[in-house]
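A.B. asks:
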Amino acid sequence: MMRAWWDGLAMQERRMLAGGALVAGVLLGWAFAWHPLAQRRDDLEREVAGARATLAYVRAGTAEIERRKGTARRAGGERAGRSLLALADATARDAGLGDALRRVEPAGGSSVKVGFEAVRFDALAAWFEALASDYGIETTELSVDRGEAGGIVNARATLQDAP
1424 MMRAWWDGLA MQERRMLAGG ALVAGVLLGW AFAWHPLAQR RDDLEREVAG ARATLAYVRA
1484 GTAEIERRKG TARRAGGERA GRSLLALADA TARDAGLGDA LRRVEPAGGS SVKVGFEAVR
1544 FDALAAWFEA LASDYGIETT ELSVDRGEAG GIVNARATLQ DAP
């Protein structure tokens, strides 16, 4: 039946139908094969770019962690065998906080509680930063109350060796 219909067409009609079938085949191939593959490739390229950005972020974080670990390891040697209690007391006095230092007491195996009255907040913050950068000591708890004069506070803190 199809063969009889095809044979009944003129040569020009046959060429036109064959060309249309070829164009339809190419378009269907593009729509069902090439286009989805090209879109998936674009999606994968975006995923790879995002993964590379995440990897760069993680590597930067890892480098920072290693740097801080190195600082803490170096700091352990700089303590010259002093306990955290003795170190907190000595460094507070060296930082000019000795008059305000009211309490230094152990709070467990690797932590110390310190208390200050009428201390300059900026000097106290600088002392905490110096402990962290020079000795690898973290301030794990901090309670600060405003003092009577501007910039003067009463503070209680718990210090701990960095893990």
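Just remember that the numbering used here sits 1423 ahead of the position in the sequence shown, which is counted from 1. Beta carbons: idealized from backbone N, C-alpha and C, even for Gly. Just so you know, these numbers come straight off a predicted model, no measurement behind them.
#1: At the level of alpha carbons, what is the spacing between residue 1578 and residue 1482?
#2: Using a Cβ-based criterion (distance less than 6 Å to any ligand heavy atom), does residue 1562 qualify as near the ligand GDP?
#3: Are the CB atoms of residue 1523 and residue 1539 nearer to each other than 7 Å?
#4: Residue range of the alpha helix (DSSP H) that residue 1556 falls in?
#5: In this structure, does DSSP put residue 1491 in helix, strand or coil?
#6: Rounding to the nearest angstrom, what Cα-Cα distance links residue 1583 and residue 1468 in this structure?
#7: Helix, strand or coil for residue 1528? Go by DSSP, reduced to three states.
#8: Quick one: using the 10 Å Cβ neighbour count with 16 as the cut-off for buried, is residue 1559 buried or exposed?
#9: Helix or strand or just coil, what does DSSP make of residue 1452?
#10: Run through DSSP, which three-state label would residue 1568 get?
#11: Given that a residue counts as buried once 16 or more other Cβ atoms are within 10 Å of its Cβ, and exposed if not, what is residue 1541?
#12: For the candidate residues 1488, 1505, 1433 and 1534, whose alpha-carbon lies nearest to that of residue 1561?
#13: So what does DSSP say about residue 1509, is it helix, strand or coil?
#14: What residue does the alpha helix (DSSP H) around residue 1522 start on, and which one ends it?
#15: Would you kindly check if the distance between the Cβ of residue 1529 and the Cβ of residue 1554 is under 7 Å?
#16: Distance, Cα to Cα, residue 1460 vs residue 1470?
#17: Nearest by alpha-carbon distance to residue 1543: which of 1447, 1556, 1563 and 1572 is it?
C.D. replies: Straight from the coordinates:
#1: Between the alpha carbons of residue 1578 and residue 1482 lies a distance of about 37 Å.
#2: This structure lacks the ligand GDP, and indeed carries no ligand of any kind.
#3: A contact, by the Cβ cut-off of 7 Å.
#4: 1544-1558 is the span of the alpha helix (DSSP H), which, as asked, contains residue 1556.
#5: Assigned with DSSP and collapsed to three states, residue 1491 falls in helix.
#6: The alpha-carbon of residue 1583 is positioned some 46 Å away from that of residue 1468.
#7: Residue 1528: strand per DSSP, three-state reduction.
#8: Counting the other CB atoms within 10 Å of its CB gives residue 1559 a total of 16 or more, which places it among the buried residues.
#9: Looking at residue 1452 - three-state DSSP - the assignment turns out to be helix.
#10: Three-state DSSP puts residue 1568 in a strand.
#11: Result: exposed.
#12: Nearest C-alpha to residue 1561: 1534.
#13: Helix.
#14: No alpha helix (DSSP H) contains residue 1522, which DSSP labels as neither H nor E.
#15: Taking a C-beta distance under 7 Å as the contact criterion, residue 1554 and residue 1529 do not qualify as a contact pair.
#16: Across the structure, residue 1460 and residue 1470 are spaced so that their CA atoms are roughly 15 Å apart.
#17: Comparing alpha-carbon positions, the option among 1447, 1556, 1563 and 1572 lying closest to residue 1543 turns out to be 1572.
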